[in-house]
Amino acid sequence: MEQIIQTLILGIALGGVFALMGSGLSLVFGVMRIVNLAHPSLIIAGAYVTYWGFRLWGIDPLVMLPVAAVVLAGIGVLLYKLVFEREARSAKYSEMTVLLTFATAMIVEGALGFMFTNTQRVTSPGYATDAIFIGNVFIPMGQLYAGIVSLVIIGALAAFLKYSRFGNAIRATTQNRDAAELLGVNVNLVGIMSFAIGIGLAGAAGALVSFVFSFFPAKHWEWVAVLMSLVVLGGMGSILGTVLASFLLSIIAAFVGVWFGSTWSTMTFFLALFLILLVRPQGLFGEKPELA
Amino acid sequence: MGELLEVTNLTAGYGDGPSILDGAHLSVEPGKVHCIIGPNGAGKSTLLKAICGMLKIRQGDVKFNGQSLKGLRPDQILRKGICFVPQERALFPKMTVRENLRMGGYSLDDRSGLERSIDEIEERFPILKERRDQHAGTMSGGQQQTLSMARTLIIKPAIVMLDEPSLGLAPKIVQEMFDIMKMMASEGITILLVEQNALMGLKNSDWGVVLDLGRTLFKGPAPEVLADPRIQELYLGGKKAA
Amino acid sequence: MTVATKSDASEGVSAVLEARKAYNIKLAASADKARSIWFPLVLMAVLLALPALQFVGNYNYVLHLVLFTACYAAMASGWNILGGFTGYISLGHNVFFAIGGYFAGMIFARYGVSTILMAPMAGILCAAVGYLIGSITLKTRGPSFIISSLALVMIARILFDHWTFVGGANGVALKANDLPVLWSKLPYYYAFVILAAFSVWASYRIKHSKFGLGLRAISKDEIKAESAGIDTRTYKVLAFAISAAFVGMAGAVWGEYLTYIRPNIFLVILVSVNLVLMCILGGKGTIAGPVIGAILITAFNEVFVATLGASELNILATGVLMVVVLLFFPLGIVGTLARNHRLPRILNWD
Numbered sequence: 002m003e004q005i006i007q008t009l010i011l012g013i014a015l016g017g018v019f020a021l022m023g024s025g026l027s028l029v030f031g032v033m034r035i036v037n038l039a040h041p042s043l044i045i046a047g048a049y050v051t052y053w054g055f056r057l058w059g060i061d062p063l064v065m066l067p068v069a070a071v072v073l074a075g076i077g078v079l080l081y082k083l084v085f086e087r088e089a090r091s092a093k094y095s096e097m098t099v100l101l102t103f104a105t106a107m108i109v110e111g112a113l114g115f116m117f118t119n120t121q122r123v124t125s126p127g128y129a130t131d132a133i134f135i136g137n138v139f140i141p142m143g144q145l146y147a148g149i150v151s152l153v154i155i156g157a158l159a160a161f162l163k164y165s166r167f168g169n170a171i172r173a174t175t176q177n178r179d180a181a182e183l184l185g186v187n188v189n190l191v192g193i194m195s196f197a198i199g200i201g202l203a204g205a206a207g208a209l210v211s212f213v214f215s216f217f218p219a220k221h222w223e224w225v226a227v228l229m230s231l232v233v234l235g236g237m238g239s240i241l242g243t244v245l246a247s248f249l250l251s252i253i254a255a256f257v258g259v260w261f262g263s264t265w266s267t268m269t270f271f272l273a274l275f276l277i278l279l280v281r282p283q284g285l286f287g288e289k290p291e292l293a
Numbered sequence: 022m023g024e025l026l027e028v029t030n031l032t033a034g035y036g037d038g039p040s041i042l043d044g045a046h047l048s049v050e051p052g053k054v055h056c057i058i059g060p061n062g063a064g065k066s067t068l069l070k071a072i073c074g075m076l077k078i079r080q081g082d083v084k085f086n087g088q089s090l091k092g093l094r095p096d097q098i099l100r101k102g103i104c105f106v107p108q109e110r111a112l113f114p115k116m117t118v119r120e121n122l123r124m125g126g127y128s129l130d131d132r133s134g135l136e137r138s139i140d141e142i143e144e145r146f147p148i149l150k151e152r153r154d155q156h157a158g159t160m161s162g163g164q165q166q167t168l169s170m171a172r173t174l175i176i177k178p179a180i181v182m183l184d185e186p187s188l189g190l191a192p193k194i195v196q197e198m199f200d201i202m203k204m205m206a207s208e209g210i211t212i213l214l215v216e217q218n219a220l221m222g223l224k225n226s227d228w229g230v231v232l233d234l235g236r237t238l239f240k241g242p243a244p245e246v247l248a249d250p251r252i253q254e255l256y257l258g259g260k261k262a263a
Numbered sequence: 309m310t311v312a313t314k315s316d317a318s319e320g321v322s323a324v325l326e327a328r329k330a331y332n333i334k335l336a337a338s339a340d341k342a343r344s345i346w347f348p349l350v351l352m353a354v355l356l357a358l359p360a361l362q363f364v365g366n367y368n369y370v371l372h373l374v375l376f377t378a379c380y381a382a383m384a385s386g387w388n389i390l391g392g393f394t395g396y397i398s399l400g401h402n403v404f405f406a407i408g409g410y411f412a413g414m415i416f417a418r419y420g421v422s423t424i425l426m427a428p429m430a431g432i433l434c435a436a437v438g439y440l441i442g443s444i445t446l447k448t449r450g451p452s453f454i455i456s457s458l459a460l461v462m463i464a465r466i467l468f469d470h471w472t473f474v475g476g477a478n479g480v481a482l483k484a485n486d487l488p489v490l491w492s493k494l495p496y497y498y499a500f501v502i503l504a505a506f507s508v509w510a511s512y513r514i515k516h517s518k519f520g521l522g523l524r525a526i527s528k529d530e531i532k533a534e535s536a537g538i539d540t541r542t543y544k545v546l547a548f549a550i551s552a553a554f555v556g557m558a559g560a561v562w563g564e565y566l567t568y569i570r571p572n573i574f575l576v577i578l579v580s581v582n583l584v585l586m587c588i589l590g591g592k593g594t595i596a597g598p599v600i601g602a603i604l605i606t607a608f609n610e611v612f613v614a615t616l617g618a619s620e621l622n623i624l625a626t627g628v629l630m631v632v633v634l635l636f637f638p639l640g641i642v643g644t645l646a647r648n649h650r651l652p653r654i655l656n657w658d
């Protein structure tokens, strides 16, 4: 019984971090219909920003979080302007953008590897290794903090989307781009801003990742399929769905890890992705058949 | 000339494709309902999309109160008071009715005024008040059409363009939509209506405009168009084809 | 309206038939003139004779480069059948590189049967596995398919990393052949050159068959292809299987050539990326495109790894190249030249 509670807690803690990692991906897909395979590599870029702040000046990763978010949001705008804006009218838009984000992931990985080598890094604020014990069940403080911060950020994002004028415009564009444009929404600006917010969320997630996991530039490949499984299970574009899927799959993965060994826990996410493929053959993202 | 909207020699099409409209003319008089009829592929929807700025004008011009609309973005044209309700109704299915109405006033700068006009519209269309916190996607077709027509009133438009408001609706509901449309016209709003069901459209309009092959062929008072035997034969299915 | 008499009508018809025939002959003639068969044949002859260089010195490095390029040309041509003709972009084809490599490699390690002899078997195995996987993942299209193919690599990597029978992450060492150094590359050299030629020839035959026409219809518009009576499911799954077979055959020989099989030589994303990039750079859906792409990308990688020695920079540069090609030359070299009617005859193998 204790072991079950322990596993559950570890799963929930991890789910909180994954939720933030996935929500930016979900936002960008929702508004831009871009399946951003570069998202995990940008999370790692955010982790490096945090790492150097911590290493050079001893700044707490949670304090570095806004910095990482802003830096990455800037990179997001740059990427959008350089790479994705000119594809907006392409006939094979969705396929092209997947390949472009894939190439972007390689660029980010290569640049990070060149600048910072492939050494494993981790930030180690005091709380990262602390834990509180309730009976025999321990709660790792690092993951607990990360999970709480993650949910606060997602809550703020949800409130922004629900109640602000621009947030409404983002949601409207997600649901019906043409209609939003007809009602006077500058959809191009919405695109840039949601790209900035989405990639900014990757930066914020990176700050949390920096003390929850150890990381190196090529690590993002492990996360691509993991994050895809979350976003796909949650329904592409739905942030709430992504959050729920994160908790669900993380908890399942935690139990799989306990019962079958930790190598198989990652497999949970990949198999989930394949299972959804089998159940929803019409496509993960509700692609409509392309009519000429 | 007293025309509110003047379309001259308009050529337009989709993407790099051929021109669907090829030299269309139209003059629109204030406060009247204009029904555009014609066979499939005649360019009726294309005409509306070109006027509202969704399609690029290749040749010719569209003048609103004497000013050219050529090259303006949809949001700029909207701010001039020209509203377009496309066939697919342009609602946000996962936003509430109230939020949909609020999006209707997105182009307005006066935020407090916006809430007041939304309240007014809810008073005029009780069904929208009743369903205000419900997702638009869960409403019936007629209610959705009511919402998208009522939504145009928020910006107090000069012209409202309706693309097949009757699509997919039961005949009884269709008449309700036309009644809303006529009510809007009685308040001085000019209506440009595209209707597949030409008979029904003309009966509820002041002017009839026949569009075919991307050109305007004919414009006349709706009852005359309705009575014209040539029109009857061609577009109204008045005579059986031999 | 004029009413044609009977004789007028038949005269008109025969005139039309006449004109159409002349037009077809002209078309056929211009097609013949545009395509060159002699160039690939000459190229093949040169490549087959190339090892004679070893009589005058040690040109092992040259042979290695040609062999490496041929290996990729074979795989890229195979990938092109699915990615180019059919329009389904797979980032997971290195899974078949691994399956072919492990299958032939393990048989070589256990029973000493040369991987070159086992390559066709490896191809058949990969076709079977590809058929199974394809019948699941090809239900999706566009981005979903691309992601499912990526997930496939992740799953395969975990499985091979933990499969103790094939040595897990450390893999299995394979015995090097006992030919003198000067000639030790020769069997693999010929195996890869012939495999590359075979896959180019097969692509050509497939492209000009009814099957190939169906595949190209699928890539243009799958719904229309289906309504035109093409059994799109079977067609695309078969295309997947065939393309997997070519990648698998290349993988089979590759392991013995390197003298070891290990997950991190087969199941690295760069292998898949190279295949995609070669086809897009050369010209997706053309016959010569993958070969041209293989030559250019192999040269590109060689320059980066040999001169700069940094694999990070290689990844970075590959990414940049891919972005540039996708944004500015989505039709690739052959496709862009052909569109502008500038394609030299020697590069038109279609």
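Those protein sequences? They're chains B, S and U, same order as listed.
Per my numbering, the first sequence runs over residues 2 to 293.
Per my numbering, the second sequence runs over residues 22 to 263.
Per my numbering, the third sequence runs over residues 309 to 658.
The beta-carbon is built from N, C-alpha and C at its ideal position, and this holds for glycine as well.
Predicted model, so just to flag it, every value in this text is computed and none were measured.
* Among V138(B), I135(B), M142(B), which one has its Cα closest to the Cα of A129(B)? -> M142(B)
* Asked: How should E110(B) be labelled, buried or exposed, when 16 other C-beta atoms within 10 angstroms of its C-beta is the threshold for buried?
  -> buried
* **Cutoff 8 Å: S128(S) Cβ touching any chain B Cβ** => Interface with chain B (8 Å Cβ-Cβ cutoff): S128(S) is included.
* Determine the DSSP secondary structure at S452(U), reduced to helix, strand or coil. => helix
* What residue ranges within the segment 446-519 of chain U form continuous beta strand (DSSP E) runs of no fewer than 3 residues, ordered along the chain? -> none
* Contact list for E86(B) against chain U, beta-carbon separation under 8 Å -> Within 8 Å Cβ-Cβ: nothing; E86(B) doesn't reach chain U, min ~11 Å.
* Going by Cα to Cα distance, which pick from F574(U), E620(U), Y568(U) is closest to T118(B)? -> Here the closest residue by C-alpha is E620(U).
* To do: Assuming V50(B) contacts G204(B) (C-beta within less than 8 Å), just tell me the rounded distance between them.
  => 7 Å
* To do: Flag this pair as yes or no: are the beta carbons of L583(U) and M383(U) separated by less than 8 Å?
  => yes
* Determine the contact status of V232(B) and T267(B), defining contact as a CB-CB distance below 8 Å. => no
* **Inter-residue Cα distance where the pair is M75(S) and M229(B)** => Spanning the two alpha carbons is a distance of roughly 34 Å.
* Asked: Considering H156(S), what are the terminal residues of the alpha helix (DSSP H) in which it resides?
  -> Per DSSP, H156(S) belongs to no alpha helix (DSSP H) and is neither H nor E.
* Using the beta-carbon of each residue, which ones in chain A are nearer than 8 Å to E96(B)? -> Given the protein chain composition of this structure (B, S and U), no chain A is represented.
* **8 Å contact criterion, which P348(U) and W657(U) should meet: CB distance rounded** => 6 Å
* Under a CB-based cut-off of 8 Å, is T69(B) close to chain S? -> It is Ala, not Thr, that sits at residue 69(B) in the sequence shown. Cβ-Cβ to chain S under 8 Å: no for A69(B).
* Length of the line joining the Cα atoms of L11(B) and G262(B) -> The alpha-carbon of L11(B) is positioned some 15 Å away from that of G262(B).
* To do: Could you pull the start and end residues of the beta strand (DSSP E) that F1(B) belongs to?
  => Nothing in the structure corresponds to residue 1(B), since chain B is present only between 2 and 293.
* Of all the residues that make up the segment 155-188 of chain B, which are near chain S by a beta-carbon distance shorter than 8 Å? -> R166, N169, A170, R172, A173, Q176, N177, D179, A180, A181, E182, L183, L184, G185, V186, N187
* **Pair within 8 Å by beta-carbon distance, F411(U) and A560(U)** => yes
* Can you find at least 3 beta carbon pairs, one from the segment 79-90 of chain S and one from the segment 126-144 of chain S, that sit closer than 8 Å? -> no
* Report yes or no: do the segment 202-211 of chain S and the segment 166-178 of chain S share at least 3 C-beta pairs separated by less than 8 Å? => Proximity of the segment 202-211 of chain S to the segment 166-178 of chain S meets the contact definition, three or more beta-carbon pairs being nearer than 8 Å.
* To do: Decide yes or no for the touch test of the segment 35-44 of chain S against the segment 185-203 of chain S: beta carbon pairs closer than 8 Å, at least 3 of them.
  => no
* To do: May I ask you to list, following chain order, the residues of the segment 108-124 of chain B that have a beta carbon less than 7 Å from some beta carbon of chain U?
  => I108, E110, G111, A112, G114, F115
* Out of curiosity, what's the CA-to-CA distance linking T211(S) and A243(S)? -> 15 Å
* Pair every Cβ in the segment 454-470 of chain U with every Cβ in the segment 426-438 of chain U, then say whether three or more of these pairs are closer than 8 Å. => With the cut-off at 8 Å, the segment 454-470 of chain U and the segment 426-438 of chain U do not touch.
* Whole-Å CB distance - P41(B) paired with G114(B), under 8 Å assumed -> With a Cβ gap of about 15 Å, P41(B) and G114(B) do not count as contacting.
* **T567(U) (DSSP reduced to helix, strand or coil)** => coil
* Could you say which of F554(U), G476(U), Q362(U), L490(U) lies nearest to I432(U) if we only look at CA atoms? => F554(U)
* **Rounded separation between F453(U) and L446(U) - CA only** => Within the model, the alpha-carbon separation for F453(U) versus L446(U) is close to 7 Å.
* Quick one: what's got a C-beta closer than 7 Å to Q165(S)'s C-beta in the same chain, skipping five residues either side? -> R110, L112, A157
* **C-alpha gap between G479(U) and P571(U), whole angstroms** => Cα to Cα, G479(U) sits roughly 7 Å from P571(U).
* Asked: Relative to the C-alpha of L245(B), which residue among I6(B), T8(B), G17(B) is closest?
  -> G17(B)
* In chain order, what residues of the segment 102-124 of chain S put their CB closer than 9 Å to some CB of chain B? -> So the list reads C104, F105, V106, P107, E109, R110, A111, L112, F113, P114, K115, M116, E120, N121, R123, M124, given in the order they occur along the chain.
* Return helix, strand or coil for N30(S), following the three-state DSSP convention. => Per DSSP, reduced to three states, the secondary structure at N30(S) is strand.
* Report buried or exposed for E185(S), applying the criterion of at least 16 other Cβ atoms within 10 angstroms of its Cβ. => buried
* To do: Give the C-beta separation of T167(S) and I201(S) to the nearest angstrom, bearing in mind that I take them to be a contact with Cβ-Cβ under 8 Å.
  => Indeed, because the Cβ distance is near 7 Å, the residues count as touching under 8 Å.
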